[in-house]
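Chemist: The sequence shown runs 39 to 158 under the working numbering. Note that the Cβ used here is the ideal one computed from N, Cα and C, for glycine as well.
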Amino acid sequence: MNLVDLVDKNHFNHDIEKLPSFRSGDTVSVHVRITEGAKSRIQVFQGTCIAIKKFKSPDGHFRVRKISGGMGVERVFPFHSPNVKKIEVISKGKTRRAKHYYLRERSGKAARIAVDYDRK
Numbered sequence: 039m040n041l042v043d044l045v046d047k048n049h050f051n052h053d054i055e056k057l058p059s060f061r062s063g064d065t066v067s068v069h070v071r072i073t074e075g076a077k078s079r080i081q082v083f084q085g086t087c088i089a090i091k092k093f094k095s096p097d098g099h100f101r102v103r104k105i106s107g108g109m110g111v112e113r114v115f116p117f118h119s120p121n122v123k124k125i126e127v128i129s130k131g132k133t134r135r136a137k138h139y140y141l142r143e144r145s146g147k148a149a150r151i152a153v154d155y156d157r158k
């Protein structure tokens, strides 16, 4: 066993297969462990997934954007982060793009993504 396999075995998230399949444009709810001093708690970050890079791979991540207090907030979550406890798919978006960076310049109704009722 080489060093790369050892790091993969010990430090990667073993619950990666339990993550739901989602695409860019879906509304997801990410449960993240937040540590403040000696205490830790679970915080939910719910928003639109605007980009996915290397789905479920060791160096892959996804980017979630939400509007909070009139300001746009984006967070990048690595798939193998031990702080990501759970991902829930709230709604599936009907899109034709892989990256939704254009949502950064839009607000209100222009920033909506239609719901895809046909996708299971």
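To which residues of the same chain is K104 closer than 6 Å at the C-beta, ignoring the five residues directly before and after it?
Modeler: Here residue 104 refers to the residue found at position 66 when the sequence shown is read from its first residue. If we look at K104 and ignore the five residues flanking it on each side, its Cβ neighbours are G85 and V111.
Chemist: Going by Cα to Cα distance, which pick from G98, I125 and S62 is closest to R71?
Modeler: In the sequence shown, residue 71 corresponds to position 33, counting from 1. When each option's Cα is compared against that of R71, the closest is I125.
Chemist: Verify whether the separation of the beta carbon atoms of I54 and K91 is less than 7 Å.
Modeler: For the purposes of this step, residue 54 is taken as residue 16 along the sequence shown, with counting starting at 1. For the purposes of this step, residue 91 is taken as residue 53 along the sequence shown, with counting starting at 1. Result no, Cβ atoms of I54 and K91 do not sit closer than 7 Å.
Chemist: Go ahead and pull the three-state DSSP assignment for I151.
Modeler: For the purposes of this step, residue 151 is identified with residue 113 of the sequence shown, where counting begins at 1. DSSP places I151 in coil when its eight states are reduced to three.
Chemist: Which residues bound the alpha helix (DSSP H) around K104?
Modeler: Position 66 of the sequence shown, counted from the start, is the residue given in the question as residue 104. Note, K104: premise wrong, no alpha helix (DSSP H); beta strand (DSSP E) at H99 to S106.
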